[in-house]
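Have a look at the structure below, then the notes.
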Amino acid sequence: MGPNIPGGEEDEGMGLGSVRIADSQSVWNLRMEGQVRGLPPREAQLHKYKVCPLDATTHYAPEVEYEHMSNMELAKSKLIFTQEFGELSFNQRVLAAALDQDTPLLERFKFCCIVSSNLDEHFAKRLGNIPKVQADEDDAPDTSKMKASIRPRTEFEEKFSEAVTSIVNIQYKCLMRDILPKLQEHGVKILRYRDLDDTQKADMDEYFRKKLYPMITPLSVDQTHPFPMIQSHGIYLVIVVLNPETSRTRRLYFRIPNVKPRVLPVGSDRLCYLPIEEICIANVDKICEGMELLKAYPFRVTRNVKLVIDDTLFGESDNLLDFVWEEVHRRRSAPATRLEITKQMPADIRSLLVRELYLDDTDVYTIPNNLLGLADFFPVSFSPVAELQYPPHVPMVPKRLVGLEERLHEDPGKIFSVIRKEDLLVDYPTMSFNESSLLFLRAAARCPKVRMIKCVLYRGGSDSPLVASLIRAAKNGKEVSVLVELKASFDEVQNSTYAKQLMDAGCNVSYGLVGLKTHSKIMLIVRQEENGFRQYCQIATGNFNPSTAKIYTDLALFTCREDICADVLDLFNALTGFSRKRQYRRLLVAPVNMLDSFIELIDNEAENARKGLPARIILQINGLTETECVSHLYAASQAGVQIDLICRGLCAIRPGLPGKSDNIRVFSWIGRFLQHRRIFYFLNGGREKYFIGSADWRNRNLTARVEVITPIDDAKIQRKLMKMMTFFLEDELNTWEMASDGKYYLRKPETIDRESEASLIGKAGTLTAQVLMIDKDEQIAKSEDVANPVRNTGWTKEWTVQIKGVDIFVSDIAYGCVPIRFVDEHKVDPELLLVSSSKGSEDWSFMSADGKESETPVDVSKRCAAQRGGVKGGIIGNLGWFLRGKDSKKAVQLFVMDAESELDIEWPEQYVRDRKWIHLSDAQVMDELSSDPLVESVLSALDDWVKSHANATSQNGAVPVPLMEEAAPPVEEPIAPMEEPIAPTEEPIAPMEEPVAEE
Numbered sequence: 001m002g003p004n005i006p007g008g009e010e011d012e013g014m015g016l017g018s019v020r021i022a023d024s025q026s027v028w029n030l031r032m033e034g035q036v037r038g039l040p041p042r043e044a045q046l047h048k049y050k051v052c053p054l055d056a057t058t059h060y061a062p063e064v065e066y067e068h069m070s071n072m073e074l075a076k077s078k079l080i081f082t083q084e085f086g087e088l089s090f091n092q093r094v095l096a097a098a099l100d101q102d103t104p105l106l107e108r109f110k111f112c113c114i115v116s117s118n119l120d121e122h123f124a125k126r127l128g129n130i131p132k133v134q135a136d137e138d139d140a141p142d143t144s145k146m147k148a149s150i151r152p153r154t155e156f157e158e159k160f161s162e163a164v165t166s167i168v169n170i171q172y173k174c175l176m177r178d179i180l181p182k183l184q185e186h187g188v189k190i191l192r193y194r195d196l197d198d199t200q201k202a203d204m205d206e207y208f209r210k211k212l213y214p215m216i217t218p219l220s221v222d223q224t225h226p227f228p229m230i231q232s233h234g235i236y237l238v239i240v241v242l243n244p245e246t247s248r249t250r251r252l253y254f255r256i257p258n259v260k261p262r263v264l265p266v267g268s269d270r271l272c273y274l275p276i277e278e279i280c281i282a283n284v285d286k287i288c289e290g291m292e293l294l295k296a297y298p299f300r301v302t303r304n305v306k307l308v309i310d311d312t313l314f315g316e317s318d319n320l321l322d323f324v325w326e327e328v329h330r331r332r333s334a335p336a337t338r339l340e341i342t343k344q345m346p347a348d349i350r351s352l353l354v355r356e357l358y359l360d361d362t363d364v365y366t367i368p369n370n371l372l373g374l375a376d377f378f379p380v381s382f383s384p385v386a387e388l389q390y391p392p393h394v395p396m397v398p399k400r401l402v403g404l405e406e407r408l409h410e411d412p413g414k415i416f417s418v419i420r421k422e423d424l425l426v427d428y429p430t431m432s433f434n435e436s437s438l439l440f441l442r443a444a445a446r447c448p449k450v451r452m453i454k455c456v457l458y459r460g461g462s463d464s465p466l467v468a469s470l471i472r473a474a475k476n477g478k479e480v481s482v483l484v485e486l487k488a489s490f491d492e493v494q495n496s497t498y499a500k501q502l503m504d505a506g507c508n509v510s511y512g513l514v515g516l517k518t519h520s521k522i523m524l525i526v527r528q529e530e531n532g533f534r535q536y537c538q539i540a541t542g543n544f545n546p547s548t549a550k551i552y553t554d555l556a557l558f559t560c561r562e563d564i565c566a567d568v569l570d571l572f573n574a575l576t577g578f579s580r581k582r583q584y585r586r587l588l589v590a591p592v593n594m595l596d597s598f599i600e601l602i603d604n605e606a607e608n609a610r611k612g613l614p615a616r617i618i619l620q621i622n623g624l625t626e627t628e629c630v631s632h633l634y635a636a637s638q639a640g641v642q643i644d645l646i647c648r649g650l651c652a653i654r655p656g657l658p659g660k661s662d663n664i665r666v667f668s669w670i671g672r673f674l675q676h677r678r679i680f681y682f683l684n685g686g687r688e689k690y691f692i693g694s695a696d697w698r699n700r701n702l703t704a705r706v707e708v709i710t711p712i713d714d715a716k717i718q719r720k721l722m723k724m725m726t727f728f729l730e731d732e733l734n735t736w737e738m739a740s741d742g743k744y745y746l747r748k749p750e751t752i753d754r755e756s757e758a759s760l761i762g763k764a765g766t767l768t769a770q771v772l773m774i775d776k777d778e779q780i781a782k783s784e785d786v787a788n789p790v791r792n793t794g795w796t797k798e799w800t801v802q803i804k805g806v807d808i809f810v811s812d813i814a815y816g817c818v819p820i821r822f823v824d825e826h827k828v829d830p831e832l833l834l835v836s837s838s839k840g841s842e843d844w845s846f847m848s849a850d851g852k853e854s855e856t857p858v859d860v861s862k863r864c865a866a867q868r869g870g871v872k873g874g875i876i877g878n879l880g881w882f883l884r885g886k887d888s889k890k891a892v893q894l895f896v897m898d899a900e901s902e903l904d905i906e907w908p909e910q911y912v913r914d915r916k917w918i919h920l921s922d923a924q925v926m927d928e929l930s931s932d933p934l935v936e937s938v939l940s941a942l943d944d945w946v947k948s949h950a951n952a953t954s955q956n957g958a959v960p961v962p963l964m965e966e967a968a969p970p971v972e973e974p975i976a977p978m979e980e981p982i983a984p985t986e987e988p989i990a991p992m993e994e995p996v997a998e999e
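According to full-length UniProt numbering, the sequence shown is numbered sequentially starting from 1.
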């Protein structure tokens with residue numbers, strides 16, 4: 001018999017409204033069909049998707065008559081959006097990943113831990129904005145007065161408490177009835193002390209004696225012992241002991257030692273875990289010698305730990321570092337915002353805790369088992385059981401930086417010559433943070449020509465290699481200036497420690513501007529070169545943190561463009577000196593010009609739409625609540641601008657409101673990696689504008705923080721950014737879409753082809769939807785982006801294809817493919833087949849042809865490959881649509897073919913072409929090809945596809961699976977030549993990237 005699940009005796013009758021958690025059935029089957037009638041066509045389509053049932057129990061959306069509201073009233077309305085319920089909505093979507101049976105089992109457990117971590121932060125920061133009790137008030141004020149002076153109890157607060165309770169109930173029922181029992185079947189167990197054998201108990205008792213006992217302070221409560229100070233996020237025990245001599249019972253409190261990890265591995269296989277509070281409870285007799293333990297009840301308190309610095313009290317002579325240390329110490333006694341208890345706790349002890357902590361019943365959350373503080377159980381999710389986890393992800397070295405790490409000692413300046421050649425965009429976690437961002441800094445620290453390094457440190461993580469490199473640079477004689485943001489939430493102590501270490505090493509350390517938090521992710525290198533000083537900079541969307549770079553999707557731009565670098569230098573001067581620059585050449589800087597610039601960009605799209613020009617906005621951000629931005633987006637939608645908002649977390653916009661936001665769609669992507677990029681796209685009348693940077697569209701980012709957004713001018717980088725955003729718009733496994741009522745619906749198919757999905761697993765750890773359709777025609781319609789015919793008033797027929805989300809009319813279409821074959825065992829550098837325009841010509845290109853009435857696009861591509869390239873095989877990828885022709889009125893769609901064999905064909909003399917197999921890496925640097933924009937675009941798209949393919953096959957051993965079913969048996973006899981030659985696609989074209997996971 002296996003060990004009991006902690007708290008497994010919980011009440012089976014605890015209800016969840018209309019929701020019932022199945023024990024061994026597919027928990028995801030709890031999703032309910034949206035039953036909504038009388039909706040507009042798009043809304044009706046959206047409600048065909050599944051919605052997680054907890055959304056119905058926690059969703060806060062009072063009915064509101066919005067028709068007569070102005071755009072600004074909509075943007076500010078608390079009936080349309082509230083931050084508290086917006087954050088709960090995000091946690092619902094995270095919890096849905098834990099409920100999803102298609103998520104690997106240990107990853108489901110991890111998602112449950114993430115929900116708890118998010119709720120901890122919510123109660124510590126969001127609900128911590130409450131006034132403190134003044135020191136001159138009574139020492140023991142009336143509880144009701146204290147509560148009223150801190151946070152009035154309202155109907156909204158009660159609804160919020162009910163919503164959190166609903167999430168926690170579903171979370172723990174899912175754990176206890178589904179996840180933990182299944183983990184036990186695989187040997188992964190969270191034990192109770194009673195489950196240990198004698199040897200294991202002896203080991204744990206010895207651990208208690210050496211590691212835990214010296215750190216425990218039992219505290220009684222009586223006339224001479226006041227109620228103890230309960231620190232935030234700690235696990236405490238209230239124990240009831242019996243004095244055998246007097247037969248009297250006493251209560252004692254003590255904190256479980258704050259050691260890491262809180263769960264200890266037990267056994268040689270390291271699959272079983274024991275929480276340290278179990279060890280403490282079993283050894284209470286050593287804490288209270290001579291007493292008999294009757295009961296032990298764990299509890300946990302969350303306090304307001306948000307750092308608040310009153311600028312009016314902060315003078316020029318004050319040291320912000322000392323100020324932060326004092327505030328960190330003071331917040332240990334900050335007002336409590338939440339009490340978590342187990343259901344076994346008696347009512348009298350619960351009432352005592354509520355009274356002493358100045359809380360009320362709405363602040364108490366009862367956990368049905370003993371796993372309080374589930375965020376501490378993250379180590380369990382890393383148990384060494386590969387089949388219960390996502391496939392291993394190994395970041396790749398950016399192609400242009402390959403080998404530079406090995407040459408760092410002998411040639412540290414090589415990376416700067418790479419950046420001088422052209423801008424470099426690095427995509428995390430697809431690419432290695434250590435061999436890009438950290439390499440950039442380590443090279444600067446070693447390079448004798450580097451004179452100065454400037455950097456902003458917001459969250460560096462523990463034992464930061466970035467800090468180590470900055471210290472090394474200072475010791476190597478570089479002038480190093482670091483802005484350390486001391487007010488980064490939950491990192492105040494760590495950053496204060498880094499600030500002292502950097503100062504001790506001789507770095508110039510500053511803390512930014514009073515009243516503003518510096519959230520920008522910028523680094524500047526000044527290097528002595530032949531023609532004088534040259535500046536190099538890195539501008540990123542995420543922190544310079546190697547740990548989060550493995551699990552957050554982020555971007556970093558490396559450039560030496562003079563205008564960008566000059567702006568970065570000016571900004572550093574403003575942050576470290578007395579400059580108050582109000583204008584920048586290219587950068588958008590908050591709170592200087594960023595908000596106004598974005599409003600201008602939105603309004604420009606609206607004006608273009610009114611003129612009848614194509615107008616489109618795509619944003620990929622983490623939050624959108626700034627009222628000016630929201631109001632102007634509503635206005636742009638009403639003008640006809642097509643707006644797609646990929647917003648992971650808070651979004652104050654309601655899409656699909658008739659007459660208000662008909663042209664707005666809102667998406668939220670929840671998957672293996674945390675979507676953290678900030679990308680901004682504006683069609684701008686065809687002169688597209690792209691931006692990336694550190695800022696979301698929230699009031700705090702645009703008005704209360706120093707943020708940096710940089711324009712992206714490089715065409716190849718722009719195409720990569722569009723591909724990233726398009727993926728999230730098209731993904732059907734992890735993308736949620738918001739309906740006009742504010743609820744999110746998951747666009748997930750009912751059934752998934754597991755064999756096919758394995759071969760197409762994306763870099764973001766999610767799965768493409770290209771092989772999920774039932775029959776061939778539906779597959780083609782979904783995955784090939786088939787062009788739609790439109791007949792003009794005359795006899796001609798036009799076609800529409802979507803280019804970066806915009807419908808484009810073309811006069812002709814064609815289909816083709818790029819045959820490839822893998823010759824290396826790692827499958828990272830395939831050979832591809834090129835065909836010349838004529839025999840003996842050096843004009844190499846790819847194959848395409850017009851389709852016949854009875855042919856599908858795949859049929860055309862295969863026929864073209866056979867008749868013109870002399871190869872046959874299966875279609876395994878889709879490179880997307882490309883515009884071609886001098887007037888850009890033709891389009892071709894290219895696929896990837898796995899060339900299985902070469903055919904024996906004798907072509908008529910006039911149709912003979914030269915054929916060449918060449919490695920992709922060689923083709924990308926081949927002079928005859930690199931100068932052709934068409935070939936360059938196709939090679940870039942193929943390179944992206946190969947990286948995704950290589951990543952998937954290296955993770956799970958999958959082999960290429962044809963994208964489509966074969967329409968007919970393979971051709972075994974020589975194929976007759978075509979009646980007419982197929983014209984090569986030799987004219988310059990611009991690509992339209994298909995949705996491929998880019999992370």
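Think of the CB as a built atom: it goes at the ideal place given N, C-alpha and C, for glycine as much as any other residue. Quantities reported herein were computed from a predicted structural model and do not represent experimental measurements.
For residue i, the three-state DSSP class (helix, strand or coil)
i, result
"M431", "strand"
"I875", "strand"
"P298", "strand"
"V592", "coil"
"K852", "coil"
"M204", "helix"
"G685", "helix"
"E485", "coil"
Segment limits, alpha helix (DSSP H) that includes residue i
i, result
"G86", "83 to 99"
"T497", "492 to 504"
Exposed unless 16 or more other CB atoms sit within 10 angstroms - verdict on residue i
i, result
"A444", "buried"
"M625", "For clarity, residue 625 is Thr in the given sequence; the question names Met instead. So T625 counts as buried."
"S70", "exposed"
"A347", "exposed"
"F578", "exposed"
"V708", "buried"
"D843", "exposed"
"M291", "buried"
Limits of the unbroken beta strand (DSSP E) element including residue i
i, result
"T337", "336 to 342"
"residue 1058", "Residue coverage of the chain in this structure runs from 1 to 999, which leaves residue 1058 outside it and unanswerable."
"H919", "915 to 919"
"I80", "Run containing I80: none; DSSP gives neither H nor E here."
Chain C contact for residue i (CB, 7 Å cutoff)
i, result
"M431", "No chain C is part of this structure, which consists of one protein chain only."
Residue i to residue j span [Cα, whole Å]
i, j, result
"residue 1014", "P655", "Because the chain here runs from 1 to 999, residue 1014 falls outside it and cannot be looked at."
"N701", "R251", "48 Å"
"Q675", "K723", "15 Å"
"S381", "L502", "35 Å"
"G742", "L321", "43 Å"
My parser needs the alpha helix (DSSP H) runs of 4 or more residues fully inside the region 228 to 282; what are they? 276 to 282
For the region 704 to 754, list the beta strand (DSSP E) runs that are entirely contained and at least 3 residues long, ordered along the chain. Contiguous beta strand (DSSP E) elements confined to the region 704 to 754 occur at 705 to 712, 735 to 738, 744 to 746, taking only those with 3 or more residues.
Note down, one range per segment and in chain order, each beta strand (DSSP E) of at least 3 residues found wholly within the region 632 to 679. Runs found: 642 to 647, 664 to 669.
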